[in-house]
Amino acid sequence: MQEKLRAVRLRVGERIRQLRNFRGLSQEQLAEQVGNTPVHMGLVERGKANVTIDILTMIADKLSVDVAELVVPAPGLAPGEHTHIATQHDLEDIMQVVRRIKRGGGRRMRETQDRPTIGRRVSVTRPTK
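The numbering of the sequence shown is the numbering used here, which starts it at 807 and goes up by one.
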């Protein structure tokens with residue numbers, strides 16, 4: 807049973823690290839945002855410390871994912887890919903890029919009904935270094 811618990815802690819910690827890095831946050835920044843210490847956050851990411859469900863929920867919120875995705879990544883995702891709950895800021899950035907593409911294409915594109923919405927999950931892939 808101890809090995810199973812350790813495996814879960816390792817998986818959760820690795821997932822937190824991946825998502826934290828993707829969001830461009832340091833351990834210190836994330837720890838401060840969730841009311842934790844950087845030392846404990848490092849232990850959690852290495853699977854050497856337990857984390858309460860309250861802290862796990864706050865971490866998920868700060869990383870813009872559902873808490874379940876910290877434990878079990880969404881099915882069907884390739885390595886390096888994860889879901890992200892779009893924020894209003896994310897949607898504004900996306901729409902700004904779409905407008906630039908439309909202007910730069912030299913032709914008008916018709917608006918579609920398939921617009922991103924807040925809270926809708928989108929798949930994001932970031933190249934590994």
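For glycine and all other residues, C-beta sits at the position ideal for the given N, C-alpha and C.
Being a predicted model, the structure only gives us computed values, none of them experimental.
Cβ of residue i within 8 angstroms of Cβ of residue j?
{"i": "residue 818", "j": "residue 876", "result": "yes"}
{"i": "residue 825", "j": "residue 869", "result": "yes"}
{"i": "residue 853", "j": "residue 823", "result": "no"}
{"i": "residue 848", "j": "residue 835", "result": "no"}
{"i": "residue 866", "j": "residue 873", "result": "yes"}
Taking the alpha-carbon of residue i as reference, which of the options has the nearest alpha-carbon?
{"i": "residue 878", "options": "864, 837, 820 and 899", "result": "820"}
{"i": "residue 855", "options": "843, 874 and 866", "result": "843"}
{"i": "residue 829", "options": "904, 907, 896 and 812", "result": "896"}
{"i": "residue 811", "options": "903, 846, 850 and 894", "result": "850"}
Which stretch, first to last residue, makes up the alpha helix (DSSP H) that contains residue i?
{"i": "residue 855", "result": "It is not in any alpha helix (DSSP H) - residue 855 carries neither H nor E in the DSSP assignment."}
{"i": "residue 910", "result": "894-910"}
{"i": "residue 819", "result": "808-828"}
Can you tell me the Cα-Cα spacing of residue i and residue j, whole angstroms?
{"i": "residue 813", "j": "residue 900", "result": "37 angstroms"}
{"i": "residue 905", "j": "residue 898", "result": "10 angstroms"}
{"i": "residue 860", "j": "residue 894", "result": "25 angstroms"}
{"i": "residue 871", "j": "residue 837", "result": "16 angstroms"}
{"i": "residue 827", "j": "residue 864", "result": "17 angstroms"}
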